[in-house]
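Asker:
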Amino acid sequence: MPELPEVETTCRGIAPAVCARRIKSVVVREHRLRWPLPKTFAAQLEGQRILDVGRRAKYLVLTLERGALIVHLGMSGSLRVLPAETPPQKHDHVDIVLNLGHCLRFNDPRRFGSMHFTADDPLEHALLRKLAPEPLGEAFHTEYLAKQTARRKVAIKLLLMNASLVVGVGNIYASEALFRAGVRPTRPARKVKRAELDKLVPAIKTVLSDAIRAGGTTLRDYVNADGAPGYFRQKLFVYERAGEPCRKCKTPIKQLTQGQRSTYYCPTCQV
DNA sequence: ATGGGCACCTGGCTGC
DNA sequence: TGCAGCCAGGTGCCCA
């Protein structure tokens, strides 16, 4: 999926077209998402005004007059703003039809994404309640990460991708942040020294911020609210660059598997 | 509590 | 041309 920068880009992209608009109707063409949409889904949204759009971790949260709509884009999902009469394409599973002729359309080939209506505070929803601090927030600092890594044997890359410790860092940006910090992804978390964590925390923050500025990373499916791809891919140092020369030292980038996911690193720059 | 592995899905690519 | 096998921005859940 979309990792944090792609979700943030989507959030900013849909906000102008969606905020203060009223939901005229909801069209569900495919209810079998990661969690099946209940029969009541459309009726719970219809007629409500959208007050605000925000992001928590990789979840988009649309605040409504009564309750909220929570959206996760999974691995291959996207949300686009389109003229309401645009004919649906393959995998266009849900339309949120708005007044003034716009439609917020959810497309997700792999259907790992999900949508949820909640009548209560969305941050208290079961999926959001236990999430760790935002990596771009003030609560994510060296002291915090040091506390989380202490006594943990898991590889540092897997720890960074654990949403109960820090949210929003997925497979691309975990590899990229570790490269920028000069830390091998396979190092047991507890062996990563304080001085290295001092580099890693800002590395995570800057790689995510830079990616947001570039509109995210498009590898395959991801498009923003206007249907355009993200341009951060050309700024990646290691991700999907196995065998290619390191952009700093020319050593061929290596690839390995951790937790059934591909990891990329430079064997010279990362110790 | 921690760690490891699987599951959910479709589509694109590779190699026989 | 066809088909099997493998891989892909995530993450909840089950088991040791």
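Letter by letter, the first sequence follows residues 912 to 1182 in the numbering used here. In this text, a Cβ means the ideal position worked out from N, Cα and C, and glycines have one as well.
Identify every residue that forms a DSSP beta bridge with Arg1172.
Answerer: Gln1169
Asker: Could you give the uninterrupted runs of the beta strand (DSSP E) lying entirely in the segment 1080-1124, keeping only those of 3 residues or more?
Answerer: none
Asker: Would you identify the three-state DSSP class for Ile1164, choosing helix, strand or coil?
Answerer: If DSSP states are grouped into helix, strand and coil, Ile1164 belongs with coil.
Asker: Are His944 and Arg1022 touching if we call contact CB-CB under 8 Å?
Answerer: Per the sequence presented here, residue 944 reads as Leu, with His not at that position. The answer is yes: Cβ separation under 8 Å.
Asker: Do you know offhand how far Leu1056's Cα is from Leu1119's?
Answerer: Cα to Cα, Leu1056 sits roughly 17 Å from Leu1119.
Asker: If we ignore side chains and look at the alpha-carbon of each, how far apart do Gln959 and Gly1127 end up?
Answerer: 30 Å
Asker: Can you give me the C-alpha to C-alpha distance between His1052 and Leu1089, rounded to a whole angstrom?
Answerer: 16 Å
Asker: Secondary structure at Cys922, three-state DSSP: helix, strand or coil?
Answerer: helix
Asker: By the 10 Å Cβ neighbour count, where 16 or more other Cβ atoms means buried, how is Thr1162 classified, buried or exposed?
Answerer: exposed
Asker: Which residues bound the alpha helix (DSSP H) around Arg966?
Answerer: Taken as a continuous stretch (DSSP letters only), Arg966 belongs to no alpha helix (DSSP H), being part of the beta strand (DSSP E) at 961-967.
Asker: In angstroms, rounded to a whole number, what distance separates the CA positions of Ala1085 and Thr1179?
Answerer: 18 Å
Asker: Given that a residue counts as buried once 16 or more other Cβ atoms are within 10 Å of its Cβ, and exposed if not, what is Leu948?
Answerer: buried
Asker: Would you kindly check if the distance between the Cβ of Arg1098 and the Cβ of Ala1114 is under 8 Å?
Answerer: No, these two residues do not count as a Cβ contact at 8 Å.
Asker: In the segment 1035-1060, which residue ranges form an unbroken alpha helix (DSSP H) of at least 4 residues, counting only runs that do not cross its ends?
Answerer: 1037-1040, 1053-1060
Asker: Could you check the C-alpha separation between Phe1017 and Leu1167 for me, to the nearest Å?
Answerer: 33 Å
Asker: At what residues does the beta strand (DSSP E) containing Ala979 begin and finish?
Answerer: Looking at the DSSP string, the run of the beta strand (DSSP E) that includes Ala979 is 979-983.
Asker: Using 8 Å as the cut-off, can you tell me whether the segment 915-931 makes contact with the segment 1149-1165, which would need three or more C-beta pairs spanning the two stretches below that distance?
Answerer: no
Asker: Cβ atoms of Ala1043 and Leu1076: under 8 Å apart, would you say?
Answerer: yes
Asker: Give me the Cβ distance between Ile981 and Val972, rounded to the nearest whole Å; I'm assuming they're in contact under 8 Å.
Answerer: Rounded to the nearest angstrom, the Cβ distance from Ile981 to Val972 is 6 Å, consistent with a contact under 8 Å.
Asker: Give me the Cα-Cα distance between Leu1070 and Pro1033, rounded to the nearest whole angstrom.
Answerer: 26 Å
Asker: Name, in chain order, the residues that DSSP records as bridge partners for Ser936.
Answerer: Val1008
Asker: On a Cα-Cα basis, can you pick out the residue from His983, Glu1054, Ile1083 that is closest to Ala1106?
Answerer: Glu1054
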